[in-house]
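Protein chains: 2
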Amino acid sequence: MRRKVTLKDISKNMNVSVSTVSKALRDSPEISEKTKNEIQAYAKKYNYRPNNIALSLKNQKTNNIGVIVPEIVHHFFSSVINGVERVAGEHGYNVIVCLSGESFEKEVKNMQMLANGSIDGFIISLSKETQKKQSFDHLEDSISHGLPVVLVDRVADEVDCDKVIIDDEQGAYNAVNYLIKKGAKRVALITMPDYMSVGKLRTLGYKRALKDAGLKVDEAIILKLEDLDGGYDEIKHLIYSNEIDAILASTEFFAVTAMKIARGKGIKVPEELAVIGFTDGIISQCASPTLTTVSQHSQEIGSMATQMIIKRLEGKDDEPYRTEVIKTTLVHRESTL
Amino acid sequence: MRRKVTLKDISKNMNVSVSTVSKALRDSPEISEKTKNEIQAYAKKYNYRPNNIALSLKNQKTNNIGVIVPEIVHHFFSSVINGVERVAGEHGYNVIVCLSGESFEKEVKNMQMLANGSIDGFIISLSKETQKKQSFDHLEDSISHGLPVVLVDRVADEVDCDKVIIDDEQGAYNAVNYLIKKGAKRVALITMPDYMSVGKLRTLGYKRALKDAGLKVDEAIILKLEDLDGGYDEIKHLIYSNEIDAILASTEFFAVTAMKIARGKGIKVPEELAVIGFTDGIISQCASPTLTTVSQHSQEIGSMATQMIIKRLEGKDDEPYRTEVIKTTLVHRESTL
Numbered sequence: 001m002r003r004k005v006t007l008k009d010i011s012k013n014m015n016v017s018v019s020t021v022s023k024a025l026r027d028s029p030e031i032s033e034k035t036k037n038e039i040q041a042y043a044k045k046y047n048y049r050p051n052n053i054a055l056s057l058k059n060q061k062t063n064n065i066g067v068i069v070p071e072i073v074h075h076f077f078s079s080v081i082n083g084v085e086r087v088a089g090e091h092g093y094n095v096i097v098c099l100s101g102e103s104f105e106k107e108v109k110n111m112q113m114l115a116n117g118s119i120d121g122f123i124i125s126l127s128k129e130t131q132k133k134q135s136f137d138h139l140e141d142s143i144s145h146g147l148p149v150v151l152v153d154r155v156a157d158e159v160d161c162d163k164v165i166i167d168d169e170q171g172a173y174n175a176v177n178y179l180i181k182k183g184a185k186r187v188a189l190i191t192m193p194d195y196m197s198v199g200k201l202r203t204l205g206y207k208r209a210l211k212d213a214g215l216k217v218d219e220a221i222i223l224k225l226e227d228l229d230g231g232y233d234e235i236k237h238l239i240y241s242n243e244i245d246a247i248l249a250s251t252e253f254f255a256v257t258a259m260k261i262a263r264g265k266g267i268k269v270p271e272e273l274a275v276i277g278f279t280d281g282i283i284s285q286c287a288s289p290t291l292t293t294v295s296q297h298s299q300e301i302g303s304m305a306t307q308m309i310i311k312r313l314e315g316k317d318d319e320p321y322r323t324e325v326i327k328t329t330l331v332h333r334e335s336t337l
Numbered sequence: 001m002r003r004k005v006t007l008k009d010i011s012k013n014m015n016v017s018v019s020t021v022s023k024a025l026r027d028s029p030e031i032s033e034k035t036k037n038e039i040q041a042y043a044k045k046y047n048y049r050p051n052n053i054a055l056s057l058k059n060q061k062t063n064n065i066g067v068i069v070p071e072i073v074h075h076f077f078s079s080v081i082n083g084v085e086r087v088a089g090e091h092g093y094n095v096i097v098c099l100s101g102e103s104f105e106k107e108v109k110n111m112q113m114l115a116n117g118s119i120d121g122f123i124i125s126l127s128k129e130t131q132k133k134q135s136f137d138h139l140e141d142s143i144s145h146g147l148p149v150v151l152v153d154r155v156a157d158e159v160d161c162d163k164v165i166i167d168d169e170q171g172a173y174n175a176v177n178y179l180i181k182k183g184a185k186r187v188a189l190i191t192m193p194d195y196m197s198v199g200k201l202r203t204l205g206y207k208r209a210l211k212d213a214g215l216k217v218d219e220a221i222i223l224k225l226e227d228l229d230g231g232y233d234e235i236k237h238l239i240y241s242n243e244i245d246a247i248l249a250s251t252e253f254f255a256v257t258a259m260k261i262a263r264g265k266g267i268k269v270p271e272e273l274a275v276i277g278f279t280d281g282i283i284s285q286c287a288s289p290t291l292t293t294v295s296q297h298s299q300e301i302g303s304m305a306t307q308m309i310i311k312r313l314e315g316k317d318d319e320p321y322r323t324e325v326i327k328t329t330l331v332h333r334e335s336t337l
């Protein structure tokens, strides 16, 4: 099957902005008849089909903010939502949460449902599938129809909107740098695939730290796992088949799994194997040994995103879109020297 | 300020059902003029003010289920929601989640917002404050206006609707019984206040197990904590000031806190102090030692509640309201002998 034509394709080929394309397709009076005709003809020719986001234009302010995140079982997203709730409450907004379950289709469906008059704007962290497909029309549609979007953590460069991200590259750099300073020579990385923005950035930071320290990057000890709740066998293979003395793991879960496997093999943490995780959740505090982690200040991410969306909604912010970067902190515990 | 008159007060004083009161107050043709006049006069006299739930009657099926839970930071509720998502997805329903943050006011506000045409029915776990106030008009209103409610885990006997509960009493009984069989003579209890249904039931099960074993109930080693994320000082006092050889804790967090404090005092877990928690979450698995827990099968609770609400929504279920009891299981790990 041929790839679906997107707003972005049309925009690129006709040399106009995505917003213009979107407005032209819904026959907005803001766009000249000539441009509208050209764009509509092009869309028809290439069989463009919209995602139907925000087809029912909002007619009144709801004071509700829609939040769509991949899941809430892990500490990170539930803590982001806590931050959203806090700031929303302070400003008299309600929060409605929907889960994409890492599915593109469900992310789009949830947006369609909420755009149907239930909310004034979105705070969204993209599903894995959306990042893999690189398909963002549902976001463009929403924005161009007056429902602003703030992307958090899992974002897309291609989408022009407010964003809150973590300095993932620097966070990974700092963690690896710390491990090297404490004597590590062979630092392994357990992270997500590159199509996930955070996976890619953390790998870049990891590699930069190794290079700055004059250490060789060995792809054999870089593990990229699809299943964020799995990877037991792959992590076991990594630990059993390689000489490593430290691990940077992109989730608490990967880190704790690695520590368990190491203990099973009689490897002492942190003396023989130092471990640093990402996300300063309850797992890091309850693990044995307790886990040194790159804290992402997830609640602050949620608070910041909410401040940004409320500014847009209350019309106090006609500035260009901003990307706020939340700095990470290394929280020292027992899993490192 | 005088306590607000509730539907239940009116129902009791006029000797009619809550549903009749609710219907009379919204002038339903189902109720005789005479009864309506009497009820409306009474409501006026005692200055009854409705919660305005479902004032805008739903006019079409949304295929959305509204879920209101106290919080999602702990494993229990996020896992319940996972169960809801799974079954809802299988039946073509979307799920909208709102958080009460343990606040009565926010619970009511969330219900009002969602009842406004966004959902077909509710799955709700009551906030601490709602259980403390014993104020359930918002639930009665919703049900009598055709938006069914399934209550889960934190329920109210006073509300006539479908419910999914855990056999909290039996779960606590089994856990304490197990501790006693393994040699414990002085079992402490760390739980929630009695106004929370689960707190009350677990205390009953704990006491029953002690009595059945011929052991004395000592109120000095029963701790009832308001703050579900706190209690460090109280737990420390419990452990430092009493001779105890086992603890049943109503949350993973209480259990892990107790184990930490015990370790700090040089008490060996499980040899000198056996510990059992409630909720078989990731904390129990990552704790050190790993925690023996009463698993509440939280995902199953969510699945069951969703099946019940869908049956009501699809009119396949005009049976009397049911209360489904999910059986708990004791999951054995390192914190007990």
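Protein sequences, first through last, are from chains U and P.
Going by full-length UniProt numbering, the first residue of the first sequence is number 1, and it counts up by one from there.
Going by full-length UniProt numbering, the first residue of the second sequence is number 1, and it counts up by one from there.
Glycine is no exception: its CB is placed at the ideal position from the N, C-alpha and C atoms.
Should residue i be labelled buried (16 or more other beta-carbon atoms within 10 Å of its own) or exposed?
i, result
"glutamate 219(P)", "exposed"
"valine 84(P)", "buried"
"serine 17(U)", "exposed"
"histidine 91(U)", "exposed"
"asparagine 242(U)", "exposed"
"threonine 6(U)", "buried"
"aspartate 194(P)", "exposed"
"arginine 322(P)", "exposed"
"histidine 332(P)", "exposed"
"alanine 41(P)", "exposed"
"glutamine 60(U)", "exposed"
"glycine 121(U)", "buried"
"arginine 49(U)", "exposed"
"aspartate 168(U)", "buried"
"asparagine 174(P)", "buried"
Which residue from the options puts its Cα closest to that of residue i?
i, options, result
"tyrosine 240(P)", "Lys265(P), Leu7(P) and His75(P)", "Lys265(P)"
"valine 95(P)", "Leu114(U), Tyr93(U), Ser78(U) and Asn82(U)", "Leu114(U)"
"histidine 297(U)", "Glu38(U), Pro70(U), Ile31(U) and Phe77(U)", "Phe77(U)"
"lysine 200(U)", "Ala156(U), Ala258(U), Gln285(U) and Glu324(U)", "Ala156(U)"
"isoleucine 326(P)", "Pro320(P), Ile310(P), Thr336(P) and Ile301(P)", "Ile301(P)"
"serine 250(U)", "Ala172(U), Ile31(U), Leu215(U) and Lys34(U)", "Ala172(U)"
"leucine 223(U)", "Val87(U), Ile261(U) and His237(U)", "His237(U)"
"serine 125(P)", "Glu102(P), Tyr46(P), Ala88(P) and Glu334(P)", "Glu102(P)"
"valine 97(P)", "Ile123(P), Asn116(P) and Ile190(P)", "Ile123(P)"
"leucine 147(U)", "Val87(U), Gly66(U), Arg86(U) and Ile283(U)", "Gly66(U)"
"methionine 192(U)", "Ile119(U), Gly231(U), Val152(U) and Lys34(U)", "Gly231(U)"
"methionine 308(U)", "Ser19(U), Leu151(U) and His75(U)", "Leu151(U)"
"aspartate 233(P)", "Glu129(P), Lys316(P) and Ala262(P)", "Ala262(P)"
"alanine 305(P)", "Tyr206(P), Thr293(P), Asp162(P) and Lys181(P)", "Asp162(P)"
"valine 159(P)", "Ala188(P), Asn174(P) and Ser142(P)", "Ser142(P)"
"leucine 99(U)", "His74(U), Ala88(U), Ile10(U) and Asn116(U)", "His74(U)"
"aspartate 153(P)", "Ile68(P), Asn177(P) and Ile119(P)", "Ile68(P)"
Which whole-angstrom value describes the C-beta separation of residue i and residue j, a residue pair presumed to lie in contact below a C-beta threshold of 8 Å?
i, j, result
"leucine 291(P)", "alanine 255(P)", "5 Å"
"isoleucine 276(U)", "arginine 186(U)", "That pair is no contact at about 14 Å."
"methionine 111(P)", "histidine 138(P)", "5 Å"
"glutamate 217(P)", "leucine 225(P)", "It should be noted that the sequence gives valine, not glutamate, for residue 217(P). Not really, about 18 Å apart at Cβ, beyond 8 Å."
"alanine 24(P)", "threonine 35(P)", "6 Å"
"serine 295(P)", "threonine 329(P)", "5 Å"
What three-state label does DSSP hand residue i in the structure shown?
i, result
"valine 152(U)", "strand"
"residue 342(P)", "What the structure shows of chain P is the stretch from 1 to 337, and residue 342(P) is not part of that stretch, so it cannot be assessed."
"glutamate 324(P)", "strand"
"aspartate 286(P)", "The sequence given here has cysteine at residue 286(P), not aspartate. Three-state DSSP puts cysteine 286(P) in a helix."
"phenylalanine 77(U)", "helix"
"leucine 337(U)", "coil"
"glycine 230(P)", "coil"
"aspartate 9(U)", "helix"
"valine 198(U)", "helix"
"valine 108(U)", "helix"
"leucine 204(U)", "helix"
"residue 347(P)", "Residue coverage of chain P in this structure runs from 1 to 337, which leaves residue 347(P) outside it and unanswerable."
"lysine 182(U)", "coil"
"glycine 315(P)", "coil"
"asparagine 94(U)", "strand"
"aspartate 157(P)", "coil"
Run the proximity test for residue i: is its beta-carbon closer than 7 Å to any non-hydrogen atom belonging to the ligand PLP?
i, result
"isoleucine 180(U)", "Absence of the ligand PLP is noted for the structure shown, with no ligands found whatsoever."
- Query: Using a beta-carbon distance cut-off of less than 7 Å, what residues from the stretch 262-282 of chain U approach chain P?
  - Reply: When C-beta distances to chain P are compared with 7 Å, the residues of the stretch 262-282 of chain U below that value are Ile282, in chain order.
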